[in-house]
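Below: one structure, written as structure tokens.
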Amino acid sequence: MKSIKSSIAFLLAGFLIVAFGDTGLAKDECLNCHQELEDELQTPALKIKNDIHFQKGLTCADCHGGDPTSDDPDISMSRAKGFRGVPSHQTVPQFCARCHSDANFMKTYNPRLPVDQYQKYKTSIHGQKIVKGDEKVANCVSCHSVHEIMPANNPKSSIYPVNLPQTCAKCHADEEYMKEYGIPTDQFSKFSVSVHGKALLEKKDIGAPACNDCHGNHGATPPGIGSISNVCEQCHVVMGELFSKSPHKPAFQEMDLPQCETCHSNHDIIPPNDDMIGVTEQSICMECHAEDEENDGYKVAAQMRMRIDSLRVRYEKAKKLLEEAEEKGMEVSDARFDLKDVYSALVATRSDIHSFSLPVVLETSNSGLELADKTMEKGKQALEEYNFRRLGLGISTLIITLLIIALYMKIKAIEREQKTS
Ligand code: HEC
Ligand code: HEC
Ligand code: HEC
Ligand code: HEC
Ligand code: HEC
Ligand code: HEC
Ligand code: HEC
Ligand code: HEC
Ligand code: HEC
73 MKSIKSSIAF LLAGFLIVAF GDTGLAKDEC LNCHQELEDE LQTPALKIKN
123 DIHFQKGLTC ADCHGGDPTS DDPDISMSRA KGFRGVPSHQ TVPQFCARCH
173 SDANFMKTYN PRLPVDQYQK YKTSIHGQKI VKGDEKVANC VSCHSVHEIM
223 PANNPKSSIY PVNLPQTCAK CHADEEYMKE YGIPTDQFSK FSVSVHGKAL
273 LEKKDIGAPA CNDCHGNHGA TPPGIGSISN VCEQCHVVMG ELFSKSPHKP
323 AFQEMDLPQC ETCHSNHDII PPNDDMIGVT EQSICMECHA EDEENDGYKV
373 AAQMRMRIDS LRVRYEKAKK LLEEAEEKGM EVSDARFDLK DVYSALVATR
423 SDIHSFSLPV VLETSNSGLE LADKTMEKGK QALEEYNFRR LGLGISTLII
473 TLLIIALYMK IKAIEREQKT S
């Protein structure tokens with residue numbers, strides 16, 4: 073009895089191995105055959121091992137249709153078996169959306185994955201133009217690659233933040249490719265040297281925005297943003313809040329100017345510096361407030377710059393004094409702490425200019441200026457104490473020397489006395 077049971081089990085196991093291969097999965101004749109082919113017929117079968125779909129158990133046939141159990145190409149790739157072939161540039165979005173817009177299907181794999189990519193894509197310039205037959209705009213595989221599609225958190229992925237700018241640049245930095253559209257092709261080159269580009273591409277700081285953080289992954293603009301001109305405040309929250317309450321908010325709105333770009337640009341944002349504010353030639357304020365010296369904007373620009381300058385100058389003076397004292401071995405760690413707060417006040421003042429309100433800037437800078445004065449005082453005191461100690465040391469050395477000389481003379485005198493007696 074026992075032996076019959078075990079031979080049935082043995083036969084069943086054998087059947088399973090024959091039917092589904094040694095992996096336990098259904099045999100994939102598409103993959104088997106294509107692995108043995110050449111060039112673009114073979115490449116998909118080689119690349120697919122890195123593809124998220126393959127790793128999650130999806131096969132060639134899940135995307136292309138057909139019958140993966142038959143090794144006869146006339147059967148496996150027959151339309152009768154649902155073979156879809158290769159989608160055209162224009163139909164790729166629907167090809168991917170068949171699954172990615174199907175919430176019920178996607179839930180069985182990953183309930184947290186959004187299913188709105190196609191919906192959003194349709195609202196982007198890419199999506200709007202593709203339906204009109206534009207063959208050059210990006211479709212899903214232009215950004216995601218094909219047969220080696222990976223999630224965004226995989227550092228090898230074409231959409232990993234550090235790699236993404238290059239993915240967009242494939243088209244957007246190609247002058248020849250973009251010629252017919254008449255839009256600039258300098259976004260990547262400008263971005264690469266901007267504060268954001270350097271942080272992302274050189275320092276690999278993925279907190280800095282890649283193209284998609286401002287432009288959205290699939291839609292024209294990222295979620296929660298009415299217009300791309302509001303995108304900066306998603307990360308620069310404090311500046312955004314200050315700007316919203318500033319007189320520039322309504323003024324720029326009326327002139328139809330973007331809120332941050334107007335002064336900082338979008339792709340080639342440089343590290344800001346104090347020359348950008350004030351009434352000198354380099355100041356951006358002068359682009360709008362130059363003509364009239366009675367204009368409040370002009371006056372405020374001048375005063376804000378003066379405040380920043382005096383805070384910076386006093387910070388530097390205090391820093392120098394403390395360094396000098398430290399070199400001479402004086403203990404000034406307490407004042408060093410205050411100096412840090414002075415620096416914070418300088419940073420806060422530079423940020424508070426975005427209120428474009430003089431009282432706000434005066435308040436922030438005042439606390440810094442007072443503390444700078446105190447710190448300088450502490451530095452001066454340390455140096456005075458050093459000088460006093462040095463003077464003291466000099467005097468005591470002199471006294472000791474005199475004493476030694478006196479002692480010496482005394483000894484000599486005693487010796488002389490002894491000799492004569
Ligand atoms: C026994 C070999 C073999 C099997 C099995 C096979 N293919 Fe192919 N496949 C080929 C060859 C050869 C070509 C190129 C000639 C042609 O288009 O018929 C091809 C072409 C293709 C193409 C390109 C078609 C086009 O229109 O350009 C796709 C996509 C494809 N196969 C997918 C699949 C899928 C999916 C399966 C499994 C359901 C599969 N193949 C099974 C050999 C095979
Ligand atoms: C996630 C869906 C997906 C999977 C899985 C997939 N493909 Fe494709 N495949 C596509 C898309 C989309 C295209 C069209 C690419 C384009 O327009 O550049 C394509 C194109 C092709 C082509 C045409 C040549 C080329 O590279 O453009 C072949 C052949 C092919 N696939 C075979 C396969 C084989 C074999 C497998 C399994 C090893 C497979 N594909 C798995 C989506 C898929
Ligand atoms: C047969 C259904 C199907 C098709 C067709 C399909 N996908 Fe997928 N896709 C999936 C499933 C299932 C996953 C895995 C989700 C998971 O488990 O995280 C996935 C994962 C992905 C991921 C990774 C998501 C993440 O961040 O984890 C990307 C990107 C992706 N697909 C893009 C595409 C693109 C682009 C196409 C068209 C070329 C496509 N898919 C076609 C079913 C499909
Ligand atoms: C212009 C480039 C671009 C196009 C076109 C594009 N994607 Fe994406 N996609 C991205 C980027 C970038 C991300 C990753 C964002 C991130 O860092 O999380 C992404 C993320 C995804 C994800 C992961 C889940 C999510 O929404 O974050 C899926 C799935 C996906 N895309 C599918 C598609 C499909 C399907 C299409 C076509 C309808 C498509 N994508 C078109 C750039 C693109
Ligand atoms: C396959 C090539 C290709 C890729 C890859 C691509 N784009 Fe595009 N993009 C285009 C084309 C072509 C247009 C249409 C230009 C036009 O009509 O002005 C366009 C339009 C745009 C526009 C609208 C420009 C305007 O007219 O104001 C933006 C923004 C944009 N793309 C951003 C991106 C971003 C961000 C990425 C990467 C995540 C990207 N694109 C990837 C080809 C591409
Ligand atoms: C810090 C945010 C930000 C980043 C990062 C960014 N952009 Fe932009 N981009 C903008 C803004 C804002 C505009 C102007 C949109 C408007 O005024 O309608 C713009 C405009 C564009 C345009 C329209 C043509 C033009 O030059 O004015 C394209 C195309 C574009 N960006 C592509 C890219 C690409 C590609 C990258 C990555 C290399 C990128 N952008 C990175 C914010 C950004
Ligand atoms: C995804 C988040 C994000 C978005 C969106 C973003 N930034 Fe940034 N920004 C950063 C990070 C992170 C840094 C710091 C980079 C570094 O390490 O220097 C930065 C740095 C800056 C700096 C330099 C600050 C300094 O002290 O040197 C300026 C100016 C700036 N961003 C302006 C903008 C503007 C204008 C926009 C919109 C067009 C914008 N940012 C959109 C994250 C963002
Ligand atoms: C009217 C012009 C103007 C506008 C509008 C403007 N800024 Fe600035 N921003 C400046 C100036 C000037 C500085 C440099 C201040 C300094 O360093 O003395 C600066 C500095 C910065 C800095 C660096 C601050 C630091 O800590 O050194 C960031 C970040 C920044 N701006 C972001 C933004 C954001 C985000 C917006 C939109 C909400 C914005 N700016 C709007 C003029 C402007
Ligand atoms: C793109 C043009 C533009 C730029 C650049 C600009 N402003 Fe303005 N500013 C305006 C407009 C328009 C108003 C509202 C009308 C007015 O009062 O002149 C305004 C108003 C002001 C006000 C309020 C004046 C009042 O009447 O109470 C201040 C303060 C101000 N700006 C400061 C600055 C400073 C500082 C800078 C440089 C960092 C600057 N602005 C850069 C256009 C600009």
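Residue numbers (our numbering): 73 to 493. Glycine residues also receive a C-beta, built at the ideal position from the N, C-alpha and C atoms. The structure presented is a predicted model; accordingly, all values stated were derived computationally and were not measured.
Neighbour-count burial assignment, residue i, 16 or more Cβ in a 10 Å radius
| i | result |
| --- | --- |
| F315 | buried |
| E456 | exposed |
| T436 | buried |
| I472 | exposed |
| V309 | exposed |
| V303 | buried |
| M378 | exposed |
| L272 | buried |
| F324 | buried |
| V404 | buried |
| Q259 | buried |
| G93 | Legend: pLDDT at G93 = 41, less than 50; position of this residue unreliable, value from coordinates given subsequently. Exposed is the call here. |
| T492 | exposed |
| Y181 | exposed |
| S299 | exposed |
| Q490 | exposed |
Proximity below 8 angstroms, CB of residue i to CB of residue j
| i | j | result |
| --- | --- | --- |
| D340 | V265 | yes |
| V414 | A390 | yes |
| H216 | I231 | yes |
| T421 | I380 | yes |
| L103 | C132 | yes |
| A444 | Y387 | yes |
| M348 | S337 | no |
| S427 | S318 | yes |
| Y190 | P165 | yes |
| A417 | G440 | yes |
| P256 | H268 | no |
| P140 | S148 | yes |
| P237 | F263 | yes |
| C212 | C168 | yes |
| E110 | D143 | no |
| D410 | K446 | yes |
| M376 | L465 | no |
Delimiting residues of the alpha helix (DSSP H) encompassing residue i
| i | result |
| --- | --- |
| M311 | 309-316 |
| C283 | 283-287 |
| N104 | 101-107 |
| C215 | 212-216 |
| P431 | 430-492 |
| H290 | It is not in any alpha helix (DSSP H) - H290 carries neither H nor E in the DSSP assignment. |
| C240 | 236-244 |
Inter-residue CB distance, residue i and residue j (contact presumed, cutoff 8 angstroms)
| i | j | result |
| --- | --- | --- |
| A478 | G451 | Wrong, their Cβ atoms sit about 41 angstroms apart, outside the cutoff. |
| G157 | H136 | 7 angstroms |
| V234 | K276 | 6 angstroms |
| C283 | C240 | 5 angstroms |
Pocket of ligand 8 (residues with CB nearer than 6 angstroms to any heavy atom), chain order: C304, E305, H308, M311, G312, F315, H320, Q331, C332, T334, C335, H336, P344, N345, D346, M348, I349, I356, I380, V419, R422, S423, I425, H426
Closer than 6 angstroms to ligand 1: residues, by C-beta to nearest heavy atom, in chain order: E101, C102, C105, H106, L109, L113, C132, A133, H136, G138, D139, P140, D143, P145, S148, M149, G157, V158
Any heavy atom of ligand 6 nearer than 5 angstroms to the CB - residues listed: Around ligand 6, the residues whose beta-carbon falls short of 5 angstroms from at least one of its heavy atoms are P237, C240, H244, I255, P256, Q259, F260, F263, P281, C283, C286, I300, N338, given in chain order.
Under 5 angstroms, CB to nearest heavy atom of ligand 4: contacting residues: P165, C168, H172, P186, Q189, Y190, Y193, A210, C212, C215, A224, I231, N284, N289
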